[in-house]
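Quick notes on the structure that follows.
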Amino acid sequence: MSSTEVQATTAGELIRKLVSEFEELEDLLLEEPPPEIELKSGITVMLNGRNIRFLEGNETELEEDDTVTVFPPIGGG
Amino acid sequence: MSRKILRIDMESESLKFEDLPEDYKYLGGRGLTSQIVADEVPPDCHPLGPNNKLVFAPGIVTGTSAPTSGRISVGAKSPLTGGIKEANAGTSFSQKLARLGIGAIVVEGKPSGAMYKCLKLDKDGVQLVNVEDLSGIGLYDAFAELRSEYGEGLGVCGAGIAAELSGANSGIAFNDTEGMPSRYAGRGGLGAVMATRGLKFILVDDEGAEGVEIEDEGVFERGRKKLTDALTEHDVTKPGGALNSYGTSVLVNIINEAGALPQKNFSRGSDDRSAKVSGEKKSEEIKKRGGERPHRCSPGCVIGCSEVWTREDGGDPVGVLEYESAWALGPNCEIYDLDTIGELNRQCNDLGMDTIEAGNTIAVAMEGGVKKFGDEDGALELMEEIRNGTPLGKILVNGTEFAGKAFGVTRIPTVKGQAIPAYDPRAIKGIGTTYATTPMGADHTAGYAIAPEIMGVGGEEDPLSPEKAELSRNLQYSTAVIDTTGHCLFTAFAVLDIPEGLEGMVEEVNGVLGTDLTVDDIPEIGKGVIETEREFNKKAGFTRQDDRLPEFMREEELPPHNDVFDVPEEELDRVFGDLG
Ligand code: SF4
Numbered sequence: 376m377s378s379t380e381v382q383a384t385t386a387g388e389l390i391r392k393l394v395s396e397f398e399e400l401e402d403l404l405l406e407e408p409p410p411e412i413e414l415k416s417g418i419t420v421m422l423n424g425r426n427i428r429f430l431e432g433n434e435t436e437l438e439e440d441d442t443v444t445v446f447p448p449i450g451g452g
Numbered sequence: 022m023s024r025k026i027l028r029i030d031m032e033s034e035s036l037k038f039e040d041l042p043e044d045y046k047y048l049g050g051r052g053l054t055s056q057i058v059a060d061e062v063p064p065d066c067h068p069l070g071p072n073n074k075l076v077f078a079p080g081i082v083t084g085t086s087a088p089t090s091g092r093i094s095v096g097a098k099s100p101l102t103g104g105i106k107e108a109n110a111g112t113s114f115s116q117k118l119a120r121l122g123i124g125a126i127v128v129e130g131k132p133s134g135a136m137y138k139c140l141k142l143d144k145d146g147v148q149l150v151n152v153e154d155l156s157g158i159g160l161y162d163a164f165a166e167l168r169s170e171y172g173e174g175l176g177v178c179g180a181g182i183a184a185e186l187s188g189a190n191s192g193i194a195f196n197d198t199e200g201m202p203s204r205y206a207g208r209g210g211l212g213a214v215m216a217t218r219g220l221k222f223i224l225v226d227d228e229g230a231e232g233v234e235i236e237d238e239g240v241f242e243r244g245r246k247k248l249t250d251a252l253t254e255h256d257v258t259k260p261g262g263a264l265n266s267y268g269t270s271v272l273v274n275i276i277n278e279a280g281a282l283p284q285k286n287f288s289r290g291s292d293d294r295s296a297k298v299s300g301e302k303k304s305e306e307i308k309k310r311g312g313e314r315p316h317r318c319s320p321g322c323v324i325g326c327s328e329v330w331t332r333e334d335g336g337d338p339v340g341v342l343e344y345e346s347a348w349a350l351g352p353n354c355e356i357y358d359l360d361t362i363g364e365l366n367r368q369c370n371d372l373g374m375d376t377i378e379a380g381n382t383i384a385v386a387m388e389g390g391v392k393k394f395g396d397e398d399g400a401l402e403l404m405e406e407i408r409n410g411t412p413l414g415k416i417l418v419n420g421t422e423f424a425g426k427a428f429g430v431t432r433i434p435t436v437k438g439q440a441i442p443a444y445d446p447r448a449i450k451g452i453g454t455t456y457a458t459t460p461m462g463a464d465h466t467a468g469y470a471i472a473p474e475i476m477g478v479g480g481e482e483d484p485l486s487p488e489k490a491e492l493s494r495n496l497q498y499s500t501a502v503i504d505t506t507g508h509c510l511f512t513a514f515a516v517l518d519i520p521e522g523l524e525g526m527v528e529e530v531n532g533v534l535g536t537d538l539t540v541d542d543i544p545e546i547g548k549g550v551i552e553t554e555r556e557f558n559k560k561a562g563f564t565r566q567d568d569r570l571p572e573f574m575r576e577e578e579l580p581p582h583n584d585v586f587d588v589p590e591e592e593l594d595r596v597f598g599d600l601g
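The structure is reproduced here in structure tokens:
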């Protein structure tokens, strides 16, 4: 486990900063290397429980106390 | 060798083989059970009376080397919903049946005596033997006894104590690869249909069987390879992927985060304690305890989502703890302890009950004040009430709606009398549309909208958008086809995203049947199955008003997102509008 502190005002910025901090995430999360932020299919980023794809995507604005969660490809039933 | 129907009249104890009629030649699994039920069962009959019939059918490719294809469909008029029912399970029982050349078993008639029978089936013939001594005994012991007496490698299926009580929540258990009764055609009360026909168990031995006839080996092999490649490539189904590593409970965290994991009888959509029953937590425990993970419900599965959950000391294996079971018997009752959930799941398997229905029943009993939410010992005591056949047990064994009414509860989470599974439809509306409209009663597997709404598999759909008729319809059609082929529904994750995988599935079917179907034929075939099922339900008295979710889900907001189920009635009616 490692932790870090990053400041970001949008979801895209947060992902970009995380990926530059933890290089191994780049391959897991992104279709291609930054600066483009295109999430791989199956990767889900949620802001307070809402998938950012159905909010403003990478432009989704973040506020103090928001919760952002990132999920790998998941299936089940 | 063409496929046969084995017809058993339990009243006269006559057993006969019939050639599969020409009309049924291209059917298997759900397509075949639903067609036989529609053709032979009067829709207005009492589900436990003499005119109902119980039909078992392996899928079209079951018993071949097609990957992840060991499903058996079981059909009848449901004692729980009053409509047509198909429930399926993954088990070597199905593969053995198919290899014996059996397309379907039809169990009919109702004996006047109460002597329970076991049907034994091998390449040399069939016989009914008395098993009265196994009445009233839990299914773990009964399966073990049958296998020790007749052969460890046999396929076994059975109805349990819940079925002997004529419970509308009684499933049919099938053997897993350890021989335990953990793979269930659970939903809809099919166990009671079996037990009221005087049939308690079926044993299948495929030693020396000729195997499934394949019309065109080349086409089959090409399809098999394409599907296997898709399954081993897709992130969800591949070795080391989500299902293989964590099982279906990998969903707990994401559904909880989405605010759609029902807590305390559908009164909240998330709770931080849910992480304690997640797939990640469970796999960690299994590793510590020496259970098994990954594991396969039946030979030939390349996904391997299953597992063997044990007690803390590694003893008393339960079998798989599915996402649905862990939720129903866990957070929905405000229980967040995997060991308690494991014991409740063991009781369900042993008594012969569907875990989704049982968990919902306990939750409404808690809401009705029979026990307190979160009372782990209390929940286990309720299982004992059923085992002992007490008056309270007899209420509980009849499922959520019956128990809810008995205990004066108005928030009863059912559709067509069947309890709602582990996704709150107020937070994920496509799955709610499926719950409302499938002919089966609330059933997530009938059109698994969670794939595009949460996982981004097979497209991407906003879970909160109320426009879901088309999505649900398309998924319901393709699911009816997968259920007919005998493939596990989890193959859908790969074939929805990888076109060659879907092609492969169709080619496997063409190889077995000698047909020349294409991917484009899938919707029409699925539509045919659902049309047959809806027609049956209509004649049984169902109307559009039965394609609705409970009132409280339309009116009571679900925290934390505070949504209601707002898919308009017209949208629900549009799902199968052209089917009437
Ligand atoms: S994916 Fe799971 S449920 Fe489906 S066949 Fe494989 S082990 Fe069984």
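Sequence order for the protein chains is A and B. Add 375 to a position in the first sequence, counting from 1, and you land on the number used in this note's numbering. Add 21 to a position in the second sequence, counting from 1, and you land on the number used in this note's numbering. Backbone N, C-alpha and C fix where the C-beta goes; we use that ideal spot for every residue, glycine too.
Subject >> Closest Cα partner of Arg569/B within the set Asp584/B, Glu554/B, Asp594/B >> reply: Of Asp584/B, Glu554/B, Asp594/B, the residue nearest in Cα terms is Asp594/B.
**OP:** From the DSSP output, in three-state form, read off Ala513/B for me.
**Re:** If DSSP states are grouped into helix, strand and coil, Ala513/B belongs with the helices.
Original post:
Do you know offhand how far Ser35/B's Cα is from Ala110/B's?
Top reply: It is roughly 27 Å from the alpha-carbon of Ser35/B to the alpha-carbon of Ala110/B.
**OP:** Tell me, please, whether the CB atom of Gly432/A is closer than 8 Å to any CB atom in chain B?
**Re:** Using a CB distance cut-off of 8 Å, Gly432/A does not count as an interface residue toward chain B.
Subject >> Contacting positions in the stretch 241 to 270 of chain B - beta carbon closer than 9 Å to chain A >> reply: Residues His255, Asp256, Val257, Thr258, Gly262, Ala263, Leu264, Tyr267, Gly268, Thr269, Ser270.
Subject >> Phe511/B: contacting residues in chain A (beta-carbon distance under 9 Å) >> reply: Residues of chain A whose Cβ lies closer than 9 Å to the Cβ of Phe511/B are, in chain order, Gly450, Gly451, Gly452.
Original post:
Cβ of Val341/B less than 8 Å from any chain A Cβ?
Top reply: With 8 Å as the cut-off, Val341/B does not count as an interface residue toward chain A.
Original post:
Got a sec? Which residues, its chain only, sit under 8 Å from Ala59/B by beta carbon, not counting five neighbours each side?
Top reply: Only Ile105, Thr553, Glu554, Glu556, Phe557 meet the Cβ criterion.
Original post:
Under a Cβ-count criterion, where at least 16 other Cβ atoms within 10 Å of its own Cβ denotes burial, should Asp584/B be classed as buried or exposed?
Top reply: Looking at its Cβ environment, which holds 16 or more other Cβ atoms inside 10 Å, Asp584/B is buried.
Subject >> Residues that Thr466/B contacts on chain A, provided the C-beta gap is smaller than 9 Å >> reply: What Thr466/B touches in chain A, judged by beta-carbon distance under 9 Å, is Gly452, going in chain order.
Original post:
With C-beta atoms as the reference, is Thr83/B less than 8 Å away from Gln116/B?
Top reply: Taking 8 Å as the cut-off, the beta carbon of Thr83/B is found closer than this to the beta carbon of Gln116/B.
**OP:** Give the residues of chain B in contact with Gly417/A, contact being defined as C-beta atoms less than 8 Å apart.
**Re:** Ordered by position in chain B, the residues that pass the 8 Å Cβ test against Gly417/A are Asp256, Val257, Met476, Gly477, Val478.
**OP:** For Phe394/B, name the three-state secondary structure that DSSP assigns.
**Re:** In this structure, Phe394/B counts as coil in the three-state DSSP scheme.
Original post:
Across which residues does DSSP place Gly146/B in a beta bridge pair?
Top reply: Per DSSP, Asp143/B.
Original post:
Pick out every residue whose C-beta is nearer than 5 Å to a heavy atom of ligand 1: which are they, in chain order?
Top reply: Chain-ordered list of matching residues: Thr89/B, Gly111/B, Arg317/B, Cys318/B, Cys322/B, Ile324/B, Cys326/B, Ser327/B, Cys509/B, Phe511/B.
Subject >> Leu252/B versus Thr258/B - alpha carbon distance >> reply: For Leu252/B and Thr258/B, the distance between alpha carbons rounds to 5 Å.
Original post:
Quick one: what's Val443/A bridged to in DSSP?
Top reply: Beta-bridge pairing links Val443/A to Leu422/A.
Original post:
Just by C-beta distance, which residues in the stretch 381 to 414 of chain A are closer than 7 Å to chain B?
Top reply: Residues of the stretch 381 to 414 of chain A with a Cβ closer than 7 Å to any Cβ of chain B: none.
Subject >> Neighbouring residues, chain A, relative to Gly272/B (Cβ below 7 Å) >> reply: Per the sequence presented here, residue 272/B reads as Leu, with Gly not at that position. Ile449, Gly451, listed in chain order.
Original post:
Hey, how far is the Cα of Glu482/B from the Cα of Phe429/A?
Top reply: Using only the alpha carbons, I get a separation of about 8 Å.
Subject >> Residues near Glu39/B in its chain [Cβ-Cβ closer than 7 Å; skip 5 each side] >> reply: Cβ neighbours of Glu39/B beyond the five flanking positions: Lys25, Ile26, Arg28.
Subject >> Neighbouring residues, chain A, relative to Glu301/B (Cβ below 8 Å) >> reply: What Glu301/B touches in chain A: nothing, since even the nearest Cβ is about 11 Å away.
Original post:
Given a limit of 8 Å on CB to CB distance, which residues of the stretch 573 to 593 of chain B reach chain A?
Top reply: Of all residues in the stretch 573 to 593 of chain B, Pro581, His582 have a Cβ within less than 8 Å of some Cβ in chain A.
Subject >> Thr435/B versus Gly380/B, Met476/B, Glu474/B, residue with shortest Cα-Cα distance >> reply: When C-alpha distances from Thr435/B are compared across Gly380/B, Met476/B, Glu474/B, the shortest belongs to Gly380/B.
**OP:** Can you check DSSP and say which residues form a bridge with Trp330/B?
**Re:** Trp330/B is bridged to Gly340/B.
Original post:
Between Gly111/B and chain A, is there a C-beta pair that is closer than 8 Å?
Top reply: Chain A, which has no Cβ nearer than 8 Å to the Cβ of Gly111/B, makes this no.
Subject >> Close beta carbons around Ser94/B, own chain, < 6 Å, minus the five adjacent residues each side >> reply: Its chain contains Gly50, Arg51, Thr54, Ala78, Glu107, Asn109 as the residues whose beta carbon lies nearer than 6 Å to that of Ser94/B, once the 5 sequence neighbours on both sides are disregarded; these appear in chain order.
**OP:** Give the single residue among Cys66/B, Gly207/B, Ala279/B whose Cα lies nearest to the Cα of Gly424/A.
**Re:** Considering only alpha carbons, the answer is Ala279/B.
**OP:** Please list the residues of the stretch 87 to 118 of chain B that have a C-beta atom closer than 7 Å to any C-beta atom in chain A, keeping them in chain order.
**Re:** When CB distances to chain A are screened at a threshold of 7 Å, not a single residue of the stretch 87 to 118 of chain B falls below it.
Original post:
Pick from Asp65/B, Glu199/B, Gly373/B: whose alpha carbon is nearest that of Ser187/B?
Top reply: The residue with the shortest Cα to Cα distance from Ser187/B is Gly373/B.
**OP:** Residues of the stretch 172 to 199 of chain B with a CB closer than 7 Å to any CB of chain A: list them in chain order, please.
**Re:** Residues of the stretch 172 to 199 of chain B with a C-beta less than 7 Å from any C-beta of chain A: none at all.
Original post:
Residue range of the beta strand (DSSP E) that Cys178/B falls in?
Top reply: Where Cys178/B is concerned, the enclosing beta strand (DSSP E) stretches over 176 to 179.
Original post:
Out of Ala87/B, Gly462/B, Arg408/B, His67/B, which has the shortest C-alpha to C-alpha gap to Gly244/B?
Top reply: Nearest to Gly244/B by alpha-carbon distance, out of Ala87/B, Gly462/B, Arg408/B, His67/B, is Ala87/B.
Original post:
Using a beta-carbon distance cut-off of less than 8 Å, what residues from the stretch 277 to 289 of chain B approach chain A?
Top reply: Hits within the stretch, in order: Glu278, Ala279, Gly280.
Original post:
Going by alpha carbons, who is nearest to Asn426/A out of Ala427/B, Ala163/B, Glu422/B, Ile449/B?
Top reply: Taking the Cα of Asn426/A as reference, the smallest distance to any Cα among Ala427/B, Ala163/B, Glu422/B, Ile449/B is reached at Ile449/B.
**OP:** Would you mind listing the beta strand (DSSP E) stretches within the stretch 211 to 291 of chain B that are 3+ residues and don't spill past its ends, in chain order?
**Re:** 220 to 225, all fully within the stretch 211 to 291 of chain B.
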